[in-house]
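Asker: Residue numbers (our numbering), protein chains in the order written: chain S, 1 to 242; chain F, 243 to 484.
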């Protein structure tokens, strides 16, 4: 599995992902799931990927190759156009390798993506692209999107993320969300990739990569764990305990 | 959906469940999912149910009817024997209504159960019974079991629950776990049922039911939410923020 998320705030966009891939417990590997496509001054796009590793790698490779030649991500007039292209590439690659006929393998080739970024003076945007190639954007009420192993880390996002939150707070919240997921699910693992894009800069996003023992991530993990323990211990007692 | 959990500590057992049932968003109802079977001085059993509502209701009804006549739950020599019986009843009821032949409906009749309790002087025990009728117990390392919508509320259990935790702390942790799940998933809803069984008493467990505005549950929810916000705001800053 995988866990990736992205959030859209007034100040800009935050992207985060784990890096563990697994095809069965005896085939665990590390592979980046956060892929920037950057044309400074013109457009900044970031793609997060989850699902079948052969599909996601093929999609990313094709998009990167196209990007060198000024392909669709480079030329798209709107973020939604770029999202549509990612969906089409994903669909085509899945269809090319789809199992056929009786006795075909039951391996799922499906992959999901989050594409976010800003084109020129337009508003930054964020899309979740389904395996079927169609996509949704996020809402003001819940301005984040998740793919992969999304449930463990959702409660803290539900509580913290809103359009008014600063980029840094959203990034910290993403780290906490990924940490909680890693603790509860072995298939999500370090290092953690983080990207902060400040709205209207059209500059390369601030990019960070944390291992478990990277000082900043380790201090977040420690303080969060100790803090949870403290607020838990301070919760009101049942009346018979008094 | 549903969310039920049970935890086994040195001091005894804790059971908790939400009460929302839904068969599609236009058929939402409230139904208890925590079912005690009590013969004070001899044995205390508590059953938690999740899955197809017709299956779980039929299983619980049959077990209750049998219990009146001193049936298998009353007579089982070991908790595992009682768990096996629950599994068999569940299997039989699923099989009786299983869709057959082409064009059969694709509704899942599956149900899962947690059965916990104590028989005489034996150790208290906890089992998770799968739709297939087989079952597992929990381990010292992770002394809790969950059924239904389990992921949102798992991180806090992973952090807090251990055999050394008091019954009351485990019950509070269960309330926090269910609260987090209700906030992130509409299909899990109040009231929340809670039962605390103190080891070797063989007495009726302490039983509580909370609505969202029940004073104790409301104070837990409020303090937990505010506490999370506080520890989040106190997390260390990125170096460029200083």
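In this text, a Cβ means the ideal position worked out from N, Cα and C, and glycines have one as well. Computed from a predicted structure; not experimentally measured.
Nearest to residue 405 of chain F by CA position, among F:436, F:366, F:421, F:429, is which residue?
Answerer: Of the candidates F:436, F:366, F:421, F:429, the residue whose Cα lies closest to the Cα of residue 405 of chain F is F:366.
Asker: Just tell me which of S:171, S:199, S:208, S:151 has its CA closest to the CA of residue 180 of chain S.
Answerer: Comparing Cα-Cα distances from residue 180 of chain S to each of S:171, S:199, S:208, S:151, the minimum goes to S:151.
Asker: Taking only three categories from DSSP, how would you classify residue 197 of chain S?
Answerer: strand
Asker: Would you list the one or two residues that DSSP bridges to residue 334 of chain F?
Answerer: Residue pairing by DSSP leaves residue 334 of chain F without any beta bridge partner.
Asker: In the DSSP assignment, find the unbroken beta strand (DSSP E) run with residue 414 of chain F in it and report its ends.
Answerer: Premise fails: residue 414 of chain F lies in the alpha helix (DSSP H), 409-426, not in any beta strand (DSSP E).
Asker: Quick check: what's the CA-CA separation for residue 246 of chain F versus residue 377 of chain F?
Answerer: 16 Å
Asker: Would you mind telling me which residues of chain S sit closer than 9 Å to residue 402 of chain F, beta carbon to beta carbon, in chain order?
Answerer: 228, 229, 232
Asker: With burial defined as no fewer than 16 other Cβ atoms inside 10 Å of the residue's Cβ, what is the status of residue 131 of chain S: buried or exposed?
Answerer: The residue is buried, with at least 16 neighbouring Cβ atoms inside 10 Å.
Asker: Kindly list the residues whose CB is nearer than 8 Å to the CB of residue 261 of chain F, restricted to its own chain and excluding five residues on each side of it in sequence; keep chain order.
Answerer: Scanning its chain for C-beta atoms nearer than 8 Å, with the 5 sequence neighbours on each side dropped, one finds around residue 261 of chain F the residues 272, 273, 274, 275, 431, 432, 433, 434, 435, in chain order.
Asker: Taking the Cβ atom as the reference point for each residue, do residue 283 of chain F and residue 444 of chain F lie within a distance shorter than 7 Å?
Answerer: The answer is yes: Cβ separation under 7 Å.
Asker: Is the Cβ of residue 414 of chain F closer than 7 Å to any Cβ of chain S?
Answerer: Chain S has a Cβ within less than 7 Å of the Cβ of residue 414 of chain F.
Asker: Quick one: grab the DSSP three-state call for residue 472 of chain F.
Answerer: helix
Asker: Measuring CB atoms only, is the region 377-389 of chain F touching the region 213-233 of chain S, in the sense that at least three cross pairs come out at less than 8 Å?
Answerer: Counting Cβ pairs under 8 Å, fewer than three are found: no touch.
Asker: Give me the Cα-Cα distance between residue 254 of chain F and residue 81 of chain S, rounded to the nearest whole angstrom.
Answerer: 58 Å
Asker: Check distances from the C-beta atoms of the region 305-318 of chain F to those of chain S and list, in chain order, the residues that come in under 8 Å.
Answerer: So nothing in the stretch comes that close.
Asker: Using a beta-carbon distance below 7 Å, is residue 183 of chain S in contact with chain F?
Answerer: yes
Asker: Does residue 68 of chain S pass the burial test, meaning 16 or more other C-beta atoms within 10 Å, or should it be called exposed?
Answerer: Per the 10 Å Cβ criterion, exposed.
Asker: So is residue 210 of chain S in contact with chain F if we call contact Cβ pairs under 7 Å?
Answerer: no
Asker: Kindly indicate if chain S contains any beta-carbon less than 7 Å away from that of residue 383 of chain F.
Answerer: no
Asker: So is residue 320 of chain F buried or exposed if we call it buried at 16+ other beta carbons inside 10 Å?
Answerer: With a threshold of 16 other beta carbon atoms within 10 Å, residue 320 of chain F falls short and is exposed.
Asker: Can you give the beta carbon distance from residue 470 of chain F to residue 159 of chain S, rounded, assuming they're within the 8 Å contact cut?
Answerer: 6 Å
Asker: Buried or exposed for residue 213 of chain S, please, with buried defined as at least 16 other CB atoms from any protein chain shown within 10 angstroms of its CB.
Answerer: Its Cβ having fewer than 16 others within 10 Å, residue 213 of chain S is exposed.
Asker: Is the Cβ of residue 477 of chain F closer than 7 Å to any Cβ of chain S?
Answerer: yes
Asker: Going by DSSP in three states, residue 36 of chain S sits in which element: helix, strand or coil?
Answerer: strand
Asker: In terms of alpha-carbon separation, which member of S:62, S:210, S:146, S:231 lies closest to residue 87 of chain S?
Answerer: S:62
Asker: Thinking C-alpha only, which one of S:198, S:183, S:175, S:207 is nearest residue 474 of chain F?
Answerer: S:175
Asker: Let me see if you follow: with CB-CB separation under 7 Å, is residue 220 of chain S close to chain F or not?
Answerer: yes
Asker: What residue ranges within the region 294-379 of chain F form continuous beta strand (DSSP E) runs of no fewer than 3 residues, ordered along the chain?
Answerer: 353-361, 367-371, 377-379
Asker: Mapping DSSP to helix, strand and coil, what is residue 144 of chain S?
Answerer: strand
Asker: Pick out whichever of S:75, S:242, S:216, S:56 has its Cα sitting closest to the Cα of residue 482 of chain F.
Answerer: S:216
Asker: Can you check which of these residues, F:446, F:453, F:411, F:292, is closest to residue 279 of chain F by C-alpha distance?
Answerer: The shortest C-alpha separation from residue 279 of chain F is found at F:446.
Asker: Which same chain residues end up closer than 8 Å to residue 314 of chain F when comparing Cβ atoms and leaving out the 5 residues on each side of it in sequence?
Answerer: 308, 323, 324, 327
Asker: Beta strand (DSSP E) containing residue 509 of chain F: first to last residue?
Answerer: In the structure as shown, chain F begins at 243 and stops at 484. Residue 509 of chain F is therefore absent and cannot be evaluated.
Asker: If you follow the alpha helix (DSSP H) that residue 159 of chain S is part of, which residue opens it and which one closes it?
Answerer: Start and end: 154-160.
Asker: Look at the alpha carbon of residue 479 of chain F and the alpha carbon of residue 173 of chain S, and state the distance between them as a whole number of angstroms.
Answerer: 12 Å
Asker: When every heavy atom of the ligand ZN is checked, does at least one fall within less than 6 Å of the C-beta of residue 227 of chain S?
Answerer: The ligand ZN is not among the ligands present in this structure, which contains no ligands whatsoever.
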